[in-house]
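Worksheet: the structure to be examined is printed underneath.
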Amino acid sequence: MEQLQLELPTFMQEPIQIGEEISITGKWVPKAKGGIFRKSPDSGDMIKEWEDIHKDAREHDGMLSTEINHAIGQDAVLVHHIFKNERALGEYFLKVAGTHVEALHKVAQPDYHLLRAMNISDETRNALQAKGVNGTFGEYLFGFVKNDYKQPDPSKAVQVTAKWTCKPDESIEELKHWWLKVGTDAYSEEEGMIRFEAYKVVGEDALIIHETFDSSDELKFHLTKGMAARYKNDIDQVAAPENYFFRGPVSWTIRTYSKFMGLPATYSSRGSHWMQEQGTMSEGLTNQQMKNQEVMVVYSWTAKEGKSEELKAIYTEVTDQMKSNEPGALKVQCYFDESASRLIVQDVFQDAGAVGFHLGTTAAGHFGNLMAIASPGEFLFCGDVPEEMKVAATGLGLQATFAPAVFGFARN
157 MEQLQLELPT FMQEPIQIGE EISITGKWVP KAKGGIFRKS PDSGDMIKEW EDIHKDAREH
217 DGMLSTEINH AIGQDAVLVH HIFKNERALG EYFLKVAGTH VEALHKVAQP DYHLLRAMNI
277 SDETRNALQA KGVNGTFGEY LFGFVKNDYK QPDPSKAVQV TAKWTCKPDE SIEELKHWWL
337 KVGTDAYSEE EGMIRFEAYK VVGEDALIIH ETFDSSDELK FHLTKGMAAR YKNDIDQVAA
397 PENYFFRGPV SWTIRTYSKF MGLPATYSSR GSHWMQEQGT MSEGLTNQQM KNQEVMVVYS
457 WTAKEGKSEE LKAIYTEVTD QMKSNEPGAL KVQCYFDESA SRLIVQDVFQ DAGAVGFHLG
517 TTAAGHFGNL MAIASPGEFL FCGDVPEEMK VAATGLGLQA TFAPAVFGFA RN
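The numbering used here applies: residue 157 is where the sequence shown begins, and numbers increase by one.
Printed below as a string of structure tokens:
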């Protein structure tokens, strides 16, 4: 083979901004098997149980998105959840899933789950496995997200999540190489691939690959003329697909073509679904089209004893990331009151959409580390901020005050 490409291209060198979010996609099948032309007698009860779970899941603290997708051509459902963090995931299985588990397992059984995150602790993996969650845990390796994390049209977009496992005596580094080639070339040659993410499976020589396409036509191009077609033989030499979960309106021609590609695919149409108003970093934000006047945010952090330099270091990193990754951040100015160990920050954003992007990316990625070493003061949001941004700020646990502009002047 050609020399291994393991150096990331420029557009992949910064990790994607999903923060602590965890995505889980699981396939469930009826306990009793159906016939060739008829569904299992448990099928209707399985769907009803999942609809009941869905109602409770959307009220769960830390649930960012939940959907129940009906499999096409199979007696199954694809369930997809996005959690705020590991705590929310763990409490969901303890409270929501735990409440329904007995009734659900009478009529259904899990087939497989694919879990994705930046990192997943041993504690969380062990806890889920102890509850019988059959699946794979993937930790982020590389990828890209286009369009400033704007959510694609959910009525047209197709989400593809797959597991590829190395064949005996084959190298995981070679598998990484070929999927890096796929992502690198697709970035410029496949306009309709708007997300590409590769995750290393914990404890296995395997990868989880997640891709998002603008539409079924873009997925068709990827499979027939794009990077999937270009690198199919190379990838097939070193690995085999174990699961392929498609969520979204996949055309009949694609479903037929994927059979010839040997993909163990499950296709699904969107059923009951809910997502928090501002969207998620894992599947896209909904506030990117909002255009408002400039918004200034003034706030402070007071360092715990002996943590002043660490606080400054974290905010130096925050400022650098905002300068590099947030074109809507117009100005950042930091001040430090040595007598009170207090960092005072002034951020100016071009509009409320830029504020929302910041809260969901840079701010979310550092918030946990900041809370460990400092206490937040009041956050003053000055300018026109819509209700969904207020919800986002409150969701981060901020003591926030919102004040629209009344009067004033500015000199050039």
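Don't be surprised by glycine CBs; every beta carbon is placed ideally from N, CA and C.
Count the other C-beta atoms from every protein chain shown that fall within 10 angstroms of the C-beta of PRO171, then say buried if there are 16 or more, exposed otherwise.
exposed
Using the rule of at least 16 other Cβ atoms within 10 Å of the residue's Cβ for burial, across every protein chain shown, is ASP503 buried or exposed?
buried
For GLN444, does the count of other Cβ atoms within 10 angstroms reach 16, so buried, or fall short, so exposed?
Annotation note: pLDDT 46 at GLN444 (below 50); position unreliable, no value reported.
Identify the residues that DSSP records as bridge partners of ALA559: which are they?
CYS538
Touch test, the segment 481-496 against the segment 401-419, Cβ-Cβ under 8 Å, three pairs minimum
no
Exposed or buried, which one is ARG272 when buried takes at least 16 other CB atoms within 10 Å?
buried
The segment 336-349 in contact with the segment 380-398 per 3-pair CB rule at 8 Å:
yes
How about PHE401 and THR368: do their beta carbons lie closer than 7 Å?
no
Looking only at C-alpha atoms, which of GLN173, LEU162, ILE529 sits nearest to GLY339?
LEU162
For VAL358, report the span of its beta strand (DSSP E) as first-last.
Careful: VAL358 lies outside any beta strand (DSSP E) and carries neither H nor E.
Report the CB separation of ALA530 from THR458 in whole angstroms; it is logged as a contact under 8 Å.
6 Å
If I'm right that MET437 touches TYR305 with Cβ under 8 Å, what's the distance once you round it to whole angstroms?
6 Å
Report buried or exposed for ASP198, applying the criterion of at least 16 other Cβ atoms within 10 angstroms of its Cβ.
buried
For GLY254, which of helix, strand or coil comes out of DSSP?
helix
Excluding the 5 residues flanking ASN303 on each side, which residues of the same chain have their C-beta closer than 7 Å to its C-beta?
ILE350
Which residues bound the beta strand (DSSP E) around LEU164?
From DSSP, LEU164 is part of no beta strand (DSSP E); its letter is neither H nor E.
Can you check whether the CB of ARG243 is closer than 7 Å to the CB of GLN315?
no
Which full runs of the alpha helix (DSSP H) of 4+ residues lie inside the segment 445-512, going along the chain?
464-481
Which whole-angstrom value describes the C-beta separation of HIS236 and GLU223, a residue pair presumed to lie in contact below a C-beta threshold of 8 Å?
5 Å
Beta-carbon gap between THR181 and THR280 smaller than 7 Å
no
Are there 16 or more other CB atoms within 10 angstroms of the CB of MET168, so buried, or fewer, so exposed?
buried
List the whole-angstrom C-beta distance separating ASN290 from PRO266, where the pair is believed to meet the contact cut-off of C-beta under 8 Å.
5 Å
Taking only the alpha-carbon atoms, compute the straight-line gap between PHE537 and PHE523 and give it to the nearest angstrom.
18 Å
For GLN432, name the three-state secondary structure that DSSP assigns.
coil
How would you call GLU232, buried or exposed, if buried means at least 16 neighbouring beta carbons within 10 angstroms?
Just to set this straight, residue 232 is Ala in the shown sequence, not Glu. The residue is buried, with at least 16 neighbouring Cβ atoms inside 10 Å.
If you draw a straight line from the C-alpha of PHE565 to the C-alpha of LEU220, how long is it?
40 Å
Taking the alpha-carbon of ALA138 as reference, which of ASP212, GLN434, ILE174, VAL263 has the nearest alpha-carbon?
Since the first and last residues shown for the chain are 157 and 568, residue 138 lies out of range.
Using the Cα positions of GLY553 and ALA520, report the straight-line distance between them to the nearest angstrom.
11 Å
Limits of the alpha helix (DSSP H) - the one that HIS378 falls within
372-380
Tell me which residue opens and which closes the beta strand (DSSP E) that HIS226 is part of.
219-227
Whole angstroms is fine: what's the gap from GLU496's alpha carbon to TYR355's?
According to the sequence as given, residue 496 is Ala; it is not Glu. Straight-line Cα distance between these residues: approximately 43 Å.
With DSSP run on the structure shown, which of helix, strand or coil describes VAL406?
coil
Outcome for GLU258 when other beta-carbon atoms lying within 10 angstroms are tallied against a minimum of 16
exposed
If you count every other CB in all the chains shown that lies within 10 Å of the CB of SER311, and 16 or more means buried, which is it?
exposed
Helix or strand or just coil, what does DSSP make of LEU419?
coil
Which residues mark the beginning and the end of the alpha helix (DSSP H) in which THR340 is found?
328-345
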